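See below for the structure under consideration.
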Amino acid sequence: MSEQDYLKDISEIKNLMNRSSRFISLSGLSGILAGVYALIGGAVAYWLVANSGREYLILDGYIFRLILLDLFLIAFFSVITAIFLTTRKAKKSGVKVWDASSRRLIINFLIPLVAGGLYILIILNQQKYGQTAALMLIFYGLALVNAAKYSIGHIRYLGYIEIALGLVCAILPGYGFWLWILGFGVMHVIYGSVMYLQEKKQK
Numbered sequence: 017m018s019e020q021d022y023l024k025d026i027s028e029i030k031n032l033m034n035r036s037s038r039f040i041s042l043s044g045l046s047g048i049l050a051g052v053y054a055l056i057g058g059a060v061a062y063w064l065v066a067n068s069g070r071e072y073l074i075l076d077g078y079i080f081r082l083i084l085l086d087l088f089l090i091a092f093f094s095v096i097t098a099i100f101l102t103t104r105k106a107k108k109s110g111v112k113v114w115d116a117s118s119r120r121l122i123i124n125f126l127i128p129l130v131a132g133g134l135y136i137l138i139i140l141n142q143q144k145y146g147q148t149a150a151l152m153l154i155f156y157g158l159a160l161v162n163a164a165k166y167s168i169g170h171i172r173y174l175g176y177i178e179i180a181l182g183l184v185c186a187i188l189p190g191y192g193f194w195l196w197i198l199g200f201g202v203m204h205v206i207y208g209s210v211m212y213l214q215e216k217k218q219k
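In short: position in the sequence shown from 1, add 16, done, that's my numbering.
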C-alpha cells in the first residue's frame with residue numbers, strides 16, 4: 017500500500033467516524049420554510065400592533081396575548097416542518113432519524129433555548145420587555161452554536177449571526193422588531209437556501 021492510499025484510507029475512516037457522531041439529515045428546505053413562517057408571523061404581529069390604536073404593547077393586554085399565540089404558531093409550524101422534512105430526507109438517505117447523534121443534537125440545542133425562554137418569561141413577568149427580541153436572538157444563536165458540534169453543516173455560522181444581531185438589538189432596542197425579522201426570517205431563508213443548493217449539488 018502506497019503512502020497516498022494509506023492517507024486516503026485514514027481520511028475515509030476519519031470521515032466515517034465524523035458522520036457516525038454527527039446528525040447529517042437536517043433539511044435545507046425546513047430552514048427556508050422556518051424563515052417564511054417567521055416573516056408571515058412578523059407581518060401578522062406588525063398588523064396587530066399597527067391596528068391596535070397604540071404603538072406599544074401592554075403585557076396583560078389582548079394584543080399581547082395574540083402576539084404570544086403568533087410566536088407559538090411560528091415555532092410550532094417550524095418544528096413540525098423540520099421533523100417532517102428531516103425524517104423524509106433521512107429515509108431517502110437510509111439514515112436513522114432518532115439515534116445517539118440526533119439525541120445529542122436536540123439536547124444541546126434545547127439547553128440554551130429552554131434556559132433563554134424561561135429567563136425571558138421571568139423578565140416579562142417583571143414588566144421588563146425592552147430586550148425581549150435581543151434575548152430571543154442571542155439565546156437562539158447560542159442554541160445553534162451549542163448544537164453545531166453534533167451536526168454536519170454550518171449551523172454554527174447562522175448561530176454567530178443570530179448572536180451578533182441580538183447584541184446589536186440590545187444596543188438598539190428601538191429596532192428590535194426589524195432585527196428579529198432579519199434574524200428569524202431573512203437569515204433562515206438565506207441559510208436554508210444555501211443548504212438546499214448544497215444538497216442538490218451532492219445528488
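Yeah, the Cβ is synthetic: ideal placement off N, Cα and C, and Gly gets one too. Nothing here was measured: the structure is a model prediction, and the numbers come from that model.
Item	Value
Where do the ends of the alpha helix (DSSP H) carrying residue 141 lie?	116-141
In terms of residues, what are the limits of the alpha helix (DSSP H) holding residue 175?	171-187
Residue 167 by DSSP, collapsed to three states: which one?	strand
By Cβ distance below 7 Å, which residues in the same chain neighbour residue 174 in space, the five residues on each side in sequence not counted?	160, 203, 207
For residue 201, collect the residues of the same chain with a Cβ closer than 7 Å to its Cβ; drop the 5 residues on either side in sequence, then sort them by chain order.	51, 54, 55, 58
For residue 46, report the span of its alpha helix (DSSP H) as first-last.	44-66
Where do the ends of the alpha helix (DSSP H) carrying residue 1 lie?	With the chain represented from 17 up to 219, any question about residue 1 goes unanswered, as that position is not in the structure.
Let me know the secondary structure DSSP gives residue 216 once reduced to three states.	helix
Does the separation of the CB atoms of residue 79 and residue 60 fall below 8 Å?	no
Tell me the rounded alpha-carbon separation between residue 94 and residue 184.	25 Å
Do the stretch 85-104 and the stretch 124-142 meet, that is, are 3 or more Cβ pairs less than 8 Å apart?	no
Does the beta-carbon distance from residue 153 to residue 110 come in below 8 Å?	no
Apply the 10 Å Cβ neighbour rule to residue 156 and answer buried if 16 or more other Cβ atoms are within range, or exposed otherwise.	buried
If you compare alpha carbons, which of 107, 120, 106, 213 is closest to residue 162?	120
Anyone know if the C-beta pair for residue 215 and residue 69 falls short of 8 Å?	no
What number of angstroms, rounded off, separates the C-alpha of residue 135 from the C-alpha of residue 171?	24 Å
Work out the CA separation of residue 114 and residue 197 for me, nearest whole Å.	31 Å
Would you mind reading off the limits of the alpha helix (DSSP H) that contains residue 192?	192-196
Rounded to the nearest angstrom, what separates residue 190 and residue 108 at their Cα positions?	45 Å
Quick one: Cα of residue 46 to Cα of residue 92, how far?	13 Å
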